[in-house]
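So the sequence shown is residues 1 to 416, counted in UniProt numbering. The structure appears below as structure tokens.
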Amino acid sequence: MTHDFRQAALDYHAEPTPGKISVELTKPAETQLDLSLAYSPGVAEPCREIAEDAEEAYRYTGKGNLVAVISNGTAVLGLGNLGALASKPVMEGKALLFKRFAGINAVDIEVDTENAAEFIDTVARIADTFGGINLEDIKAPECFEIESTLISRCDIPVFHDDQHGTAIVTAAGMINALEIQGKKLEDAVITCLGAGSAAIACMRLLVSLGARRENIYMLDRRGVIYAGREGVNAFKREFANRTEKRSLSDAIAGADVFVGLSGANLLSAEMLRSMADRPVVFACSNPDPEIQPELALQTRDDLIIATGRSDYPNQVNNVLGFPFIFRGALDVRASAINEEMKMAAVRALCDLAKEPVAPEVLRACGLESLSFGPDYIIPKPMDSRLLTRLAPAVAQAAVDTGVARLPLPADYCPSL
């Protein structure tokens with residue numbers, strides 16, 4: 001990172017107004033009558049209605065289009081445990097993305113505790129304020145317990161984006177990349193370097209979509225997670241494989257797919273050469289990937305590579321998912337975001353990448369042309385069609401699986 005960019009980032013957050021989000025009024029407040037309707041005595045009427053029927057909160061308040069972005073700051077981006085307050089710029093940024101891409105109002109909440117039970121209790125007690133909860137930057141393995149418990153205690157969607165947003169975008173890119181390479185997910189041998197929340201969620205979703213668990217080799221800092229290995233928590237044990245493979249070199253040899261959610265420069269050129277013909281490499285460590293794309297492409301001319309960076313093709317970016325997933329869930333008042341809704345989002349992303357790219361997307365990316373192929377396996381974040389493709393797909397899946405409390409209108413087409 002250059003000094004100029006660092007200063008630009010600090011100036012962006014500080015000037016002219018500190019922070020990235022604000023509150024806007026949706027009703028007039030200019031006259032005495034306006035104020036009497038907005039507050040006392042007029043506000044008593046919707047209060048009475050909601051007391052009689054809690055669902056009326058969706059009619060008389062902003063609950064239905066309001067998401068809480070909540071963290072305890074124990075896993076902030078690639079920076080580690082910075083604490084709750086230091087996570088606030090990231091949570092404000094997430095709120096900005098909700099509004100910019102899906103028209104969803106979002107507020108950030110930083111909970112100052114590393115105790116999972118305290119965090120869960122705090123969030124559960126305030127959940128009724130919101131239409132949905134986006135959990136963010138919470139370290140593993142506590143994040144699994146936190147999310148699953150909150151899902152069971154809340155009747156609104158609770159979604160840990162570090163897990164499922166990453167998984168959805170990764171799965172979409174993976175399916176398309178394998179198609180281009182002439183391979184199928186159900187046949188692919190997958191080596192996953194990393195065993196944190198994102199890695200486990202990615203592998204879980206790939207299994208839901210057809211990958212075979214016995215073809216997945218997951219590695220943590222101690223090497224391959226194999227059946228019988230001691231000191232493996234329950235979440236990693238889900239992907240313990242019966243194998244003699246122990247190192248990354250062992251696990252990568254002959255693999256069709258590499259998924260990296262770990263650290264910089266851990267995949268060597270020699271390891272890449274040992275992969276199967278026409279490999280797919282997702283080197284998603286940020287800011288420095290597991291292998292630099294330049295080195296990867298010098299080493300193999302038959303591969304497709306994706307990273308988490310915007311300055312290379314095929315960026316795995318969560319903004320391709322979460323705004324539109326929540327939009328669809330909120331619009332049918334879903335009580336949860338289930339596996340079928342996630343898979344619907346994957347399929348919608350896969351399909352959109354195969355459509356002609358709109359001129360405004362090319363302009364935003366500074367490109368003259370772009371089409372489905374090795375350098376374009378997932379849509380670009382600036383593609384406005386993401387809203388009109390993903391949100392309806394997710395909403396329909398919510399209706400089909402019985403978690404929607406409103407029907408999907410026949411003419412449903414969300415817009416900003």
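Ideal placement from N, C-alpha and C gives every residue a C-beta, glycine not left out. None of the values given here were measured: they were computed from a predicted structure.
| Query | Result |
| --- | --- |
| From the DSSP output, in three-state form, read off alanine 105 for me. | In the sequence as displayed, the identity of residue 105 is asparagine instead of alanine. Reduced to three states, the DSSP call for asparagine 105 is strand. |
| Can the beta-carbon of valine 276 be found less than 8 Å from the beta-carbon of glycine 254? | Note on residue identity: the sequence assigns alanine, not valine, to residue 276. In contact: alanine 276 and glycine 254 (Cβ atoms closer than 8 Å). |
| By how many angstroms is the C-alpha of threonine 307 removed from the C-alpha of glutamate 30? | 51 Å |
| Below 8 Å, can you find three or more Cβ-Cβ pairs linking the region 167-177 to the region 84-103? | no |
| Run through the DSSP bridge pairs and tell me what aspartate 411 is partnered with. | According to DSSP, aspartate 411 bridges with nothing at all. |
| For the beta strand (DSSP E) that aspartate 220 lies in, which residues bound it at each end? | 216-220 |
| Which of helix, strand or coil does DSSP assign to glutamine 315? | strand |
| Starting from threonine 388, trace the alpha helix (DSSP H) both ways and give me its first and last residue. | 385-400 |
| Aspartate 302: which of Phe322, Gly210, Gln181 and Phe324 sits nearest, CA to CA? | Gln181 |
| Are there 16 or more other CB atoms within 10 angstroms of the CB of alanine 393, so buried, or fewer, so exposed? | buried |
| Determine the extent of the alpha helix (DSSP H) in which asparagine 134 is found, giving its start and end residues. | Asparagine 134 -> not in any alpha helix (DSSP H); beta strand (DSSP E) instead, spanning 132-135. |
| Out of curiosity, what's the CA-to-CA distance linking glutamine 298 and arginine 278? | 14 Å |
| Residue range of the beta strand (DSSP E) that leucine 193 falls in? | 190-193 |
| Along the chain, where does the alpha helix (DSSP H) that runs through leucine 205 open and close? | 197-208 |
| Pull the bridge partners of phenylalanine 159 from the DSSP assignment, please. | Asn134 |
| What is the DSSP secondary structure of asparagine 81, reduced to helix, strand or coil? | coil |
| I'd like to check one pair, alanine 398 with valine 332: are the Cβ atoms closer than 8 Å? | yes |
| Considering only C-alpha positions, which residue in the set Gly328, Glu339 and Val189 is nearest to serine 208? | Glu339 |
| Roughly how many whole angstroms lie between the Cα atoms of alanine 201 and serine 36? | 50 Å |
| Which whole runs of the beta strand (DSSP E) in the region 224-305 are 3 residues long or more, in chain order? | 257-260 and 280-283 |
| Closest to valine 224 by C-alpha separation, out of Val107, Glu244 and Ala172, would be which residue? | Glu244 |
| Can you round the beta-carbon distance between leucine 82 and valine 123 to whole angstroms, since I take them to be within the 8 Å contact cut? | Contact flag wrong, Cβ pair sits at about 20 Å. |
| In this structure, what does DSSP give as the bridge partners for valine 76? | Gly80 |
| Is the separation between the beta-carbon of glycine 78 and that of proline 287 shorter than 8 Å? | yes |
| Kindly indicate which three-state DSSP category glutamate 368 falls into: helix, strand or coil? | coil |
| Quick test of your reading: glycine 263 and cysteine 284, contact by CB under 8 Å. State the CB separation rounded to the nearest angstrom. | At roughly 11 Å, the Cβ-Cβ gap does not stay under 8 Å, so glycine 263 and cysteine 284 are not in contact. |
| Going by DSSP, what residue range makes up the beta strand (DSSP E) through residue 485? | What is shown of the chain runs 1 to 416, which leaves residue 485 out entirely. |
| Which residues in the same chain as proline 89 place their Cβ atom closer than 7 Å to its Cβ, once the five residues preceding and following it in sequence are excluded? | His13 |
| Assuming isoleucine 291 and proline 374 make a contact with CB atoms under 8 Å, what is their CB distance in whole Å? | That pair is no contact at about 16 Å. |
| Just to confirm, is the Cβ distance from alanine 348 to leucine 390 under 8 Å? | yes |
| By the 10 Å Cβ neighbour count, where 16 or more other Cβ atoms means buried, how is glutamate 110 classified, buried or exposed? | buried |
| Using DSSP with H/G/I as helix, E/B as strand and the rest coil, what is glycine 42? | coil |
| Quick one: give me the first and last residue of the alpha helix (DSSP H) that cysteine 350 is part of. | 339-353 |
| Using only alpha-carbon positions, find the residue among Glu24, Asp34, Ile21 and Gly132 that is nearest to leucine 66. | Gly132 |
| Measuring alpha carbon to alpha carbon, tell me which of Arg213, Ala199 and Arg48 ends up nearest glutamate 186. | Arg213 |
| Looking at the structure shown, is threonine 307 part of a helix, part of a strand, or coil, going by DSSP? | strand |
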